[in-house]
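Participant:
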Amino acid sequence: MNKVLLIIRREYLSRVKKKSFILMTFLTPLLIAGIYGLIGYFTYKGISDTHDKVAVISQNKTLTEKLAADKNITYVYENKSLEQMKKSLKNSDYDYILYLPEFNLKEPKGIELFGAKQAGLSLSNRISGDIEELIRNQKLKESGIAQSDLDQLNTSVDISTKKIAETGKEEESSAGASTVIAFIAGVLMFMFIMLYGVQVMRGVIEEKTSRIIEVMISSVKPFQLMMGKIIGIALVGLTQFVLWIVLTFTISTIAVSVFVNKEDVKKIAASAQTNSQISTGTQAASMAAAQGPMTDVQKSLAGLDFGKIVSVFIFFFLGGYLFYSALYAAIGSAVDSETETQQFMMPVMLPLLLGYALSLSVVTNDPYGNVAFWLSMIPFTSPIAMVVRMPYGVSNWELILSMVILVIGFIGTVWIASRIYRVGILMYGKKTTFKEMFKWFTYRN
Numbered sequence: 006m007n008k009v010l011l012i013i014r015r016e017y018l019s020r021v022k023k024k025s026f027i028l029m030t031f032l033t034p035l036l037i038a039g040i041y042g043l044i045g046y047f048t049y050k051g052i053s054d055t056h057d058k059v060a061v062i063s064q065n066k067t068l069t070e071k072l073a074a075d076k077n078i079t080y081v082y083e084n085k086s087l088e089q090m091k092k093s094l095k096n097s098d099y100d101y102i103l104y105l106p107e108f109n110l111k112e113p114k115g116i117e118l119f120g121a122k123q124a125g126l127s128l129s130n131r132i133s134g135d136i137e138e139l140i141r142n143q144k145l146k147e148s149g150i151a152q153s154d155l156d157q158l159n160t161s162v163d164i165s166t167k168k169i170a171e172t173g174k175e176e177e178s179s180a181g182a183s184t185v186i187a188f189i190a191g192v193l194m195f196m197f198i199m200l201y202g203v204q205v206m207r208g209v210i211e212e213k214t215s216r217i218i219e220v221m222i223s224s225v226k227p228f229q230l231m232m233g234k235i236i237g238i239a240l241v242g243l244t245q246f247v248l249w250i251v252l253t254f255t256i257s258t259i260a261v262s263v264f265v266n267k268e269d270v271k272k273i274a275a276s277a278q279t280n281s282q283i284s285t286g287t288q289a290a291s292m293a294a295a296q297g298p299m300t301d302v303q304k305s306l307a308g309l310d311f312g313k314i315v316s317v318f319i320f321f322f323l324g325g326y327l328f329y330s331a332l333y334a335a336i337g338s339a340v341d342s343e344t345e346t347q348q349f350m351m352p353v354m355l356p357l358l359l360g361y362a363l364s365l366s367v368v369t370n371d372p373y374g375n376v377a378f379w380l381s382m383i384p385f386t387s388p389i390a391m392v393v394r395m396p397y398g399v400s401n402w403e404l405i406l407s408m409v410i411l412v413i414g415f416i417g418t419v420w421i422a423s424r425i426y427r428v429g430i431l432m433y434g435k436k437t438t439f440k441e442m443f444k445w446f447t448y449r450n
C-alpha cells in the first residue's frame, strides 16, 4: 500500500507543480469567459453594423403598402424590369434584388431574392419577416381591423413552472435553466474523461519507451504501478476541477453584477418609452417580459440543489475516469508509440462518444424515458448520462443503483486492464494486435 501511495504522490506532484498546470488552471475560466464574450460581441456587432440596400421589383398590385426600411435594410422600389436590374446589379449600389410577383395573400408564392453574393440566413429571415408583416397589415386593412385595436388584444402570459419533490414540497423549476446546466455538465464530463484518460495512456507510453518502467517494475508490482498512476492523475483532475468551479463561480458572479443588472435597466427604460403607444395591460406585460427571463433563471437556480449536483458530478467524474483510464493504461502498455494507439482507442472512445451524443440530444429532451434510464445505468455511458439527468431530478434509488454498477464496472475494467498491463508493459518492438492482447489476458501468473 505504501508503494502505491508513493506512486500516487509522484504522479500528483509532478503534474501539479508544472507551470503549465498552474497557468491553465487559472487561465482556462478566463479564456472560456473571454471566448464567449467575443462571440457575443461580434455576433451583436455583426447584426447591428450590417446594412444592406435592396432594390424591390414589385409586380404585385394587391399589396398597396411598401416595405419599410430599418437600420439594417433599406428598400428602394424600382420601375425597371427584373432582367434590367439583374444586368446592372454589379455596377449599381444595390446589394440584392427582391422580386415580388402577383400572388394570393393566403398563399404567397414566387418571391425571389437575387444577389451577386449569397444572402446570409439572418438577412433572408429579416426580409421574410418584413414581407410577412406587410401581408399581415394588408389583411388587417382589408378586414377593417385597426392595428391599435389588435394591440389591445395581445396578452402576455407568464407561467411559473414548479416541480413537486418526493417530500411533497413545491420547488421552482425551469426547463431552460436545467437544460443549460445539463449541457455544461455533459460537456465537462466528456472533456475531463478524455483529457485525463489520455494523460494516463501517454504517461505509460513515455515511461515504457524511456525504459524507466523496467527499473520501477523491479520494486513494485505492475498492478500497483498502474493503480498509482491512475489515482494520482485522477487527483490532479479533481484539483483542477474544484479550482475551476471556484474561479468560474467568482467570475460569473462578478459578470452578472456588472452586466445583467444594467441590461435589465436598459430593457425597462426602453419599455417605458413606448407607454404612450400601448395600453396599460400591454405595458405591464412588457415590463414583466423585460424582467421575466432573469427572474425565471434566478428562481430555477435557487430551486436546484447545487451541492448534490456537484457531489454527483465529482463521483461520476472519478468513477468514469477510473473506468476509462484503466482501459487507456492497458492501451498505453501495449504499444511503443502514440501513433500506434489509434486502432485501440476507437473501440474505447465509441461508447463515450455515443453516451455524449445521446445525452445531449435524447436525454435532455426526455430525461425520464427508457433510453435515459439505461444510458445512466450502463457504466460506459452513465458518467455523462447521469450528470445530464441530475438537473431535471433523479430518484435516489436510480442514483444509488447507477453508482453501484459504475463501481462494479470499474473493478471489472481494472482487473481486465491489469492482466494486459502486466505483460504489455515489458513488451518492446512487436506490433500488437487485439489477438495478441487477448493472449496476454489469458496468461496465468
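All residue numbers for the sequence shown refer to our numbering, where the first residue is 6 and numbers rise by one. Beta carbons are placed, not taken as given, at the ideal position from N, Cα and C, and that holds for glycine. Quick caveat: nothing in here was measured; it's all calculated off a predicted structure.
Answer yes if the stretch 195-209 comes into contact with the stretch 317-332, meaning at least three C-beta pairs across the two stretches below 8 Å, and no otherwise.
Facilitator: Touching, yes, given that three or more Cβ pairs across the two stretches are closer than 8 Å.
Participant: For the ligand HEM, is there a heavy atom less than 6 Å away from the beta-carbon of V315?
Facilitator: With respect to the ligand HEM, the structure shown offers nothing to examine, as it has no ligands at all.
Participant: With a floor of 3 residues, list each beta strand (DSSP E) that falls wholly inside the stretch 177-229, ordered by position along the chain.
Facilitator: The stretch 177-229 contains no whole beta strand (DSSP E) run of 3 or more residues.
Participant: So does the stretch 84-101 actually touch the stretch 109-122, counting three or more Cβ pairs closer than 8 Å?
Facilitator: As far as the Cβ criterion goes, the stretch 84-101 touches the stretch 109-122, which means the pair count is three or higher.
Participant: Report the residue from L230, F443, K122 and F322 whose alpha carbon sits nearest the alpha carbon of G242.
Facilitator: On the sequence shown, residue 242 is found 237 positions in, with the first residue counted as 1. For G242, the nearest C-alpha among the options comes from F322.
Participant: Just how far apart, CA to CA, sit K122 and K92?
Facilitator: On the sequence shown, position 117 is the one that residue 122 refers to. On the sequence shown, position 87 is the one that residue 92 refers to. Taking the straight line joining both Cα atoms gives about 14 Å.
Participant: Express the C-alpha separation of Q64 and Y46 in angstroms, rounding to a whole number.
Facilitator: By 1-based counting over the sequence shown, the position of residue 46 is 41. By 1-based counting over the sequence shown, the position of residue 64 is 59. Between Y46 and Q64, the C-alpha separation is close to 40 Å.
Participant: How far does the alpha helix (DSSP H) with G398 in it reach, from first residue to last?
Facilitator: Taking the sequence shown and counting its residues from 1, one reaches residue 398 at position 393. Segment: none, G398 is in no alpha helix (DSSP H) and carries neither H nor E.
Participant: Beta-carbon separation of P34 and W249 under 7 Å?
Facilitator: Looking up residue 34 in the sequence shown gives position 29. Looking up residue 249 in the sequence shown gives position 244. The answer is yes: Cβ separation under 7 Å.
Participant: Would you check if the distance between the CB atom of E343 and the CB atom of I186 is smaller than 7 Å?
Facilitator: Residue numbering aside, residue 343 sits at position 338 when the sequence shown is read from its first letter. Residue numbering aside, residue 186 sits at position 181 when the sequence shown is read from its first letter. For E343 and I186, no; Cβs fall outside 7 Å.
Participant: Going by C-alpha distance, which of L252, G374 and T69 is nearest L145?
Facilitator: Reading the sequence shown from its first residue, position 140 is the one you call residue 145. The residue with the shortest Cα to Cα distance from L145 is T69.
Participant: Once the 5 residues before and after E441 are set aside, which same chain residues still bring their CB inside 7 Å of it?
Facilitator: By 1-based counting over the sequence shown, the position of residue 441 is 436. Answer for E441: no residue qualifies.
Participant: Can you tell me whether S129 is buried or exposed? The criterion is at least 16 other CB atoms within 10 Å of its CB, across all chains shown.
Facilitator: For the purposes of this step, residue 129 is taken as residue 124 along the sequence shown, with counting starting at 1. With fewer than 16 other Cβ atoms within 10 Å, it is exposed.
Participant: What residue range is occupied by the uninterrupted alpha helix (DSSP H) comprising Y333?
Facilitator: As a working mapping, residue 333 is identified with position 328 in the sequence shown. F311 to A339 is the span of the alpha helix (DSSP H), which, as asked, contains Y333.
Participant: In the DSSP output, what is D57 paired with across the bridge?
Facilitator: Walking along the sequence shown from the start, residue 57 turns up at place 52. Paired residues: I78.
Participant: Put Y433 into one of helix, strand or coil per three-state DSSP.
Facilitator: Sequence index remark: in the sequence shown, residue 433 carries index 428 (1-based). If DSSP states are grouped into helix, strand and coil, Y433 belongs with coil.
Participant: Quick test of your reading: N131 and I78, contact by CB under 8 Å. State the CB separation rounded to the nearest angstrom.
Facilitator: One-based indexing of the sequence shown puts residue 131 at position 126. One-based indexing of the sequence shown puts residue 78 at position 73. First, the amino acid is wrong: residue 131 is Arg here, not Asn. Correct: roughly 6 Å between the Cβ atoms.
Participant: With burial defined as no fewer than 16 other Cβ atoms inside 10 Å of the residue's Cβ, what is the status of S387: buried or exposed?
Facilitator: Position 382 of the sequence shown, counted from the start, is the residue given in the question as residue 387. Looking at its Cβ environment, which holds 16 or more other Cβ atoms inside 10 Å, S387 is buried.
Participant: Apply the 10 Å Cβ neighbour rule to G149 and answer buried if 16 or more other Cβ atoms are within range, or exposed otherwise.
Facilitator: For the purposes of this step, residue 149 is taken as the residue at position 144 of the sequence shown. Exposed: under 16 other Cβ atoms inside 10 Å.
Participant: Report the three-state DSSP secondary structure of Y99 (helix, strand or coil).
Facilitator: As a position in the sequence shown, residue 99 is number 94, starting the count at 1. DSSP places Y99 in coil when its eight states are reduced to three.
Participant: Give me the Cα-Cα distance between F254 and T55, rounded to the nearest whole angstrom.
Facilitator: As a first step, residue 254 must be located in the sequence shown, where it is residue number 249. As a first step, residue 55 must be located in the sequence shown, where it is residue number 50. Spanning the two alpha carbons is a distance of roughly 35 Å.
Participant: Can you look up T383 in the DSSP assignment and give me helix, strand or coil?
Facilitator: Taking the sequence shown and counting its residues from 1, the one referred to as residue 383 is at position 378. With the sequence shown as reference, residue 383 is identified as Ile, and Thr is not the correct amino acid for it. Looking at I383 - three-state DSSP - the assignment turns out to be coil, as it is neither helix nor strand.
Participant: Closest to T67 by C-alpha separation, out of N96, T30 and E107, would be which residue?
Facilitator: Locating residue 67 in the sequence shown gives position 62, where the first residue counts as 1. Comparing Cα-Cα distances from T67 to each of N96, T30 and E107, the minimum goes to E107.
Participant: Using DSSP's beta-bridge definition, name the partner residues of F31.
Facilitator: Against the sequence shown, residue 31 aligns to sequence position 26. Answer is none; F31 lacks a bridge partner.
Participant: Since E117 sits in a beta bridge, which residues does DSSP pair it with?
Facilitator: Counting from 1 along the sequence shown, the entry for residue 117 is found at position 112. Its beta-bridge partners are Y104.
Participant: Report the option in L36, V353, S316 and V392 whose CA atom is closest to the CA atom of L193.
Facilitator: Start at 1 with the first residue of the sequence shown, and residue 193 comes out as number 188. When only C-alpha atoms are compared, the closest one is V392.
Participant: Span of the alpha helix (DSSP H) holding S148?
Facilitator: The residue labelled residue 148 in the question sits at position 143 within the sequence shown. Segment L126 to S148, the alpha helix (DSSP H) holding S148.
Participant: Going by the CB atoms, is the gap between Y82 and V59 shorter than 7 Å?
Facilitator: The residue given as residue 59 occupies position 54 in the sequence shown. The residue given as residue 82 occupies position 77 in the sequence shown. Not in contact: V59 and Y82 (Cβ atoms no closer than 7 Å).
Participant: Determine the direct distance from the alpha carbon of F188 to that of G312, and round the result to whole angstroms.
Facilitator: Translated into the one-based positions of the sequence shown, residue 312 becomes position 307. Translated into the one-based positions of the sequence shown, residue 188 becomes position 183. Each residue's alpha carbon lies about 18 Å from the other.
Participant: Taking DSSP as the reference, what is the three-state secondary structure of E441?
Facilitator: The residue given as residue 441 occupies position 436 in the sequence shown. In this structure, E441 counts as helix in the three-state DSSP scheme.
Participant: Give me, in chain order, the residues of the same chain whose beta-carbon lies closer than 8 Å to that of D57; leave out the 5 immediate sequence neighbours on both sides.
Facilitator: Translated into positions along the sequence shown, residue 57 becomes position 52. Answer for D57: N77, I78, T79, D100, Y101 and L128, listed in chain order.
Participant: So if DSSP puts E112 in a beta bridge, which residue, or which two residues, is it bridged to?
Facilitator: On the sequence shown, residue 112 is found 107 positions in, with the first residue counted as 1. Looking at the DSSP assignment, E112 forms a beta bridge with N109.
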